[in-house]
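Line by line, the protein sequences give chains A and B.
If you read the first sequence in this note's numbering, its first letter stands for residue 1, the second for the next number, and so on.
If you read the second sequence in this note's numbering, its first letter stands for residue 414, the second for the next number, and so on.
Even glycine gets a Cβ: it sits at the ideal position worked out from N, Cα and C.
Remarks on the structure that follows.
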Amino acid sequence: MTQFDKFILANGLKVIVHRDTSTPIVAMNILYNVGARDEQPDKTGFAHLFEHLMFGGSANIPDYDEPLECAGGENNAFTTNDITNYYLTIPKPNLETAFWLESDRMLELAFSPKSLRVQRDVVTEEFNESHLNQPYGDVWLLLRPLAYKVHPYQWSTIGKEISHIQNAKLNEVKAFYQKYYNPNNAIMVVAGDVETEEIKQLSEKWFGPIPRGGEYLRNLPAEPPQTTKRTLTVERNVPYDAIYLAYHMCSRSHADYYPTDLLSEVLSDGDSSRLEQELIKKQRLFSEINAWITGDIDEGLFIISGKLVSGVAMDKAEAAIVWELEKLQKETINKRELQKVKNKMESMIVFSEMKVLEKAIGLAYAELMGDASLYNEEMEHYMAVSAEDLRRIAQRIFIPENCSAVYYLAKKS
Amino acid sequence: MINLNRKQKPGITSVDSFNLILPQKHVLDNGIPVYSINSGIIDVVKIDMVFPAGSWYQPQRLVAHAVNSLMKEGTATFSSGDIAEKLDFYGAFLETGSSKDNAYLTLYSLNKHLPELMPVLEEMIKHPLFPEHETAVFLQRERQNYIINSQKVKYLVRRKFDEVVFGKTHPYGKIMNLDSFYQLDKSVFADFHRRHYDAKHCRMIISGKVENTIIKLLNQHFGGNDWFTEDNNLASVEYEMHPDAEHYHKINMPDAVQSAIRMGKPWVTRTHPDYAGLQFLNTVFGGYFGSRLMANIREDKGYTYGIGSSYSSYLKTGVFRIVSEVGADVADNAVEEIKTEINKLQQETIKKKELNLVRNYVLGSFLRGIDGPFELGNRFRTVMEFGEDMDFYRRYLDVIRSITAQQLLDLAQKYLNEEEMWLVMAGK
């Protein structure tokens, strides 16, 4: 049980404090409630580009990283379709440096033209490195727009195309900051050997004076139910064929999230999972196969992706996956297998609670979902899942008209 | 509140105390040393088993990696599927891995499940069978992964770099290639296992919430005399390095959007007195986000998403490497900038401010690196492999705290000579 205290500053910043006396390191996590789903369709990749600009200096501090490193700290950030999350760890005695740095960039960014120019290039190289210069690297740029026709999950966090990044203007970037980077749109978690009272004082001192911003009311178009199977076949310069199947699933806050997640565990978590045992080891159709859920806040995707063994026909490979999915619809899984995925989940949760940083990120995310205490309820939700739940979910989502398939073929030389 | 001066940074202190918990040494009935680091508050444990079974010892390419990976693929008592099912059922995570020197099997488990898991671990270690079917599946998968990776510029330079720096005849430079899969003689697996994974050569590190019952369990399953291989003296053959006379190598990838760069040279090993100073120097140069390489080539020029350098040590040699993937059209510029940064370090002393920053950063990183029992276990394993103990880190920290700009300049002049480095690039 991860204990915590919570308070809200007058400007709307939510602060959560978790005390863990076993470590000399304090973690600070600041989650801004903005992700790629909040972008304009003609300005995609902005949330992520913005994450880079947050390191380009703020109103009173020319460089973010240097003072933090000088205080023995380390930081990073990530952007998803839902959120932009900044985190750091720092030795306890230097904690105030973290408050100083994070509050200044929440107050006002420097917006130097050079920072924008350079980070546009850096993000372009990131796009190249992760999506273009890798075999199979562009698959998400294909799969998302196939699965989503209306909802902004149709583009990746890196953006639809690199021109959106290259064309980003300083005034657009400033407008993005004003709209989303406000205390009332953020959640801060401090975890470590700290007292709530001291965090309250530091928060009031450094974050208290930041003015509240306008309220952002998210109003995203819902993805209408898919009614026919969608397919896309591409040829690329890769050595082996690959298949990607995406099935629409529920949102993160839906009760069905937990059984859906466990279904992905049954299929592909661990060496004993069904796809590994059946399709890799026994039938030798795939050299690699995975099932996982995107876990997005809005209705997400259940993904199955595999690389085919050389010489295996695509239709045979797909039929074998579908056979496994149909088995989950026809037969309830036995007690031991259900217990196995629950045990595995228990382990994962226990191991994830060993680090203050992971706890801090988890608490912030839970608070975004409605209440930080949800973080402590995850285990219960997983343990309550029944075999019948799994079958019900499988029957609902693993149907052809709910599927978007990318057939990624090796170009014949 | 009104008087808050945001330009004034809060005071900071350097980290000066480190809770370097010393491992407690236990000896199993058959002599196997078990080092335990008991500092956990959560009921989990990590068991690390270390064997001299890295690629240094292999009779052919791929053998060390294959044997290490296949130990979980079937034994006299348990099939591959049984092992996988038991590990998963009890929520355990098994990591296998082989490096140039040693090989590892690492089990992460909740304490409560250890009694059920231990017999499985024992079987894997003592009686693997290397069944034909599982071996074929494994090799097919590895071969496909190898071929996919061969399209990635960073893998191409990684392989080529080791080959040219250590030389094709040295075990560190004998890099796996496609032929390795076809020439592989699977009949040597059992013998390699018998000689390299026996009680005489086993060492264990156990970290987390270590209860006495766990040591008893280990003794029960691994403390017997049933897994000594007779007359098993691993010959300590020495090999000479014959690095490539040509210091520049280019791998042509006409379609690549980016070029991969790998540049560097052998440095001294971890046990050398210059080790700690060189780690410091490497950090200044390319070892953290604010490093010289990042500041210039990413944050000023925008040539790359990331560039860095690293200094690591194998048992027989250390190695210094600069690594990046950069836009294809700016690859040559990036190399020029790397050379500029090398020259700067060789010609100008590091200013006090930067020296202080890096010192604090390295101390802070060290604190993070020993934060938790598993991290402490990792730190201990690293020095144990070199025959050292935790005292190594006390000496290391002394150097980090006291090293001067002049000493760093001397090190740069001695170790960073660009003409002694190899440069490998893959791209257009």
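query, result
"Check whether Lys-565/B and Ser-672/B have beta carbons under 8 Å apart", "no"
"Segments of 3+ residues assigned as beta strand (DSSP E) that fall wholly inside the region 497-542 of chain B", "506-511 and 516-523"
"Closest Cα partner of Gly-636/B within the set Gly-621/B, Glu-651/B and His-614/B", "His-614/B"
"DSSP-derived helix/strand/coil call for Ile-560/B", "helix"
"Chain-ordered neighbours of Trp-100/A on chain B, where CB pairs are closer than 9 Å", "Arg-419, Gln-421, Lys-422 and Pro-423"
"When Arg-572/B, Gly-487/B, Gly-800/B and Lys-459/B are compared against Ala-839/B, the one with the closest alpha-carbon", "Arg-572/B"
"Reduced DSSP secondary structure (H/G/I, E/B, other) of Lys-342/A", "helix"
"Buried or exposed (CB count within 10 angstroms, at least 16 for buried), Asp-668/B", "exposed"
"Residue burial classification, Ala-603/B (beta-carbon count within 10 angstroms, cutoff 16)", "exposed"
"Residues that Asp-461/B bridges to, as DSSP identifies them", "Thr-519/B and Ile-618/B"
"Beta strand (DSSP E) runs wholly inside the region 601-677 of chain B, at least 3 long, in chain order", "616-621 and 661-665"
"7 Å Cβ shell around Asp-842/B - same chain, five flanking residues per side excluded", "The structure shown does not extend to residue 842/B, since chain B is modelled only from 414 through 841, so no value can be given for it."
"Sequence-distant residues of its chain with Cβ nearer than 8 Å to Phe-594/B (five each side left out)", "Leu-475, Leu-552, Glu-555, Arg-556 and Tyr-559"
"Thr-762/B: first and last residue of the uninterrupted alpha helix (DSSP H) it sits in", "Element bounds for Thr-762/B: n/a, residue is neither H nor E."
"Under 9 Å by beta carbon: chain B residues contacting Ile-280/A", "Val-550 and Arg-554"
"Where Arg-336/A falls, given that 16 or more other Cβ within 10 Å makes a residue buried", "exposed"
"Run of the beta strand (DSSP E) containing Gly-306/A, from where it starts to where it stops", "301-308"
"Minimum Cβ-Cβ distance from Asp-65/A to chain B less than 8 Å", "yes"
"DSSP state of Met-589/B mapped onto helix, strand, coil", "coil"
"Among Gln-471/B, Asp-598/B, Gly-690/B and Leu-836/B, the one whose alpha carbon lies nearest that of Leu-870/B", "Since the first residue shown for chain B is 414 and the last is 841, residue 870/B is missing from the structure and cannot be characterised."
"Rounded distance between the beta-carbons of Ser-725/B and Val-732/B, thought under 8 Å", "6 Å"
"Local conformation of Ala-186/A per DSSP, three classes", "strand"
"Contact with chain B by Thr-260/A, beta-carbon distance below 8 Å", "no"
"CB contact below 8 Å: Phe-488/B versus chain A", "Residue 488/B is actually Thr in this sequence, not Phe. So, not an interface residue."
"Beta-carbon proximity list for Ile-61/A, same chain, < 6 Å, skipping 5 on both sides", "Asp-104"
"Among Leu-146/A, Met-188/A and Gln-201/A, the one whose alpha carbon lies nearest that of Ala-246/A", "Leu-146/A"
"Contact with chain B by Val-118/A, beta-carbon distance below 8 Å", "yes"
"Closest by C-alpha distance to Leu-53/A, when choosing among Lys-281/A, Cys-250/A, Ile-361/A and Ile-165/A", "Ile-165/A"
"Contacting positions in the region 803-820 of chain B - beta carbon closer than 8 Å to chain A", "none"
"Pick from Leu-9/A, Val-406/A and Arg-19/A that is closest to Thr-2/A, judged by C-alpha positions", "Arg-19/A"
"Within chain C, the residues that Ile-454/B reaches when beta carbons sit closer than 7 Å", "Absent here is chain C; the protein component of the structure consists of chains A and B."
"Exposure of Pro-259/A, with buried meaning 16 or more beta-carbon neighbours within 10 Å", "buried"
"Cross-strand partners of Trp-680/B (DSSP beta bridge)", "Gly-731/B"
"Residue-level contact to chain A via CB, Ser-778/B, 8 Å cutoff", "yes"
"Chain-ordered chain B contacts of Phe-7/A [CB-CB under 8 Å]", "What Phe-7/A touches in chain B: nothing, since even the nearest Cβ is about 17 Å away."
"Any non-hydrogen atom of the ligand SAH within 7 Å of Glu-486/B CB", "The ligand SAH is absent from the structure shown, which contains no ligand whatsoever."
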